[in-house]
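So the sequence shown is numbered by full-length UniProt numbering: it starts at 1 and just counts up by one.
Report on the following structure.
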Amino acid sequence: MRTDAEIPFYFGPAGDLFGMYHAPAPPARRALLMCPPLGQDLIRCHRLYRQLAQALAAQGLAVLRFDYYGTGDSAGGSAEVDWERCVADAGVASNELRARAGIDRVVAFGARLGGSVALAAAERARFAEVIAWDPVLDGGDYVSALDDLQVALRDDTERFTRPRSDADIAEQWLGFDIGDHLRRQLSALHLHAANVPTLVLDSLPAAPASRWERIVSPRGAVASITPPTPWNDLRRLESAILSQPLIQAVSGRLKETA
């Protein structure tokens, strides 16, 4: 892989967003923006996002990975993460990618909440297509699942010699600070279809394909990926999310639409 073409930089009106630009060997013909998930999912997907970016750059795409304000290497702290700011940051990153690559047509990819951000930002960011991997559709269910994981982690004697107190885990999700504002925003999240072609890559265990109907446009589709991805498996919390089938599915989709 051509790691010399991975260019780190800061961008945005205040220069507070971090990005990693993957320049293709030949002049870019297409461009892909990678919208990251949040919290522990962001950490666990980091390696896969880089692998996918490298594979697509080798395929001739200009790719931009970036961090929202308050996440990763961007400015701000995790308690400052704001859903609407994440959606706005995706639009800023999309324009940055257009400027760097010299291409107007940008496809967005995102896993979990990253897919949700891509769908929510699709129209304002002028995405040509969204590829969403197990996107979060109902924020209330997502918040409840994280709360349950946090409680289970509190009582996990395999990681801790004794159960921790409620105060020890207050306002946290799996090691990340969570502000009340973001909790309320995510609890109210209820995604609908974006007015762009949407491909949902489904690797949730026992998830009926019909669950995705409301976000897949008439020009969209749902494709299954196996094996199921262990997003909420506490036993694998420290394990990276890796999926060669996911890389193959995204690469194949972008070859089809070249």
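All C-beta atoms, glycine included, are put in the ideal place defined by N, C-alpha and C.
TYR68 sits in coil when the DSSP states are folded into three classes, being neither helix nor strand. The count of Cβ pairs closer than 8 Å, one atom from the segment 114-121 and one from the segment 191-199, reaches three, so the stretches are in contact. Boundaries of the beta strand (DSSP E) harbouring GLU6: 6-11, taken from the DSSP string. Annotation for ASP16: TYR10, TYR69, SER74, ALA75 and GLY76 place their beta carbon closer than 8 Å to its own, counting only its chain and skipping 5 residues before and after.
Straight across, the Cα-Cα distance linking LEU32 with LEU149 is about 32 Å.
Here DSSP, grouped into helix, strand and coil, assigns SER210 to helix. For ALA152 and PHE18, the gap between their C-alpha atoms comes out near 33 Å. Per DSSP, reduced to three states, the secondary structure at ARG124 is coil, with no helix or strand assignment.
In this structure, ALA111 lies near CYS45, with their beta-carbon atoms less than 7 Å apart. Rounded to whole angstroms, the Cβ separation of LEU254 and ARG30 is 7 Å, and the two are in contact under 8 Å. The Cβ neighbour count for THR226, taken over all protein chains shown within 10 Å, is under 16; the residue is labelled exposed. In this structure, DSSP gives LEU33 an extended state, which the three-state scheme calls strand.
For VAL136, the secondary structure class from DSSP, reduced to helix, strand or coil, is coil. In this chain, the alpha helix (DSSP H) harbouring GLY91 covers 83-101. The C-beta distance from ALA62 to PRO24 rounds to 6 Å, short enough to meet the 8 Å contact threshold.
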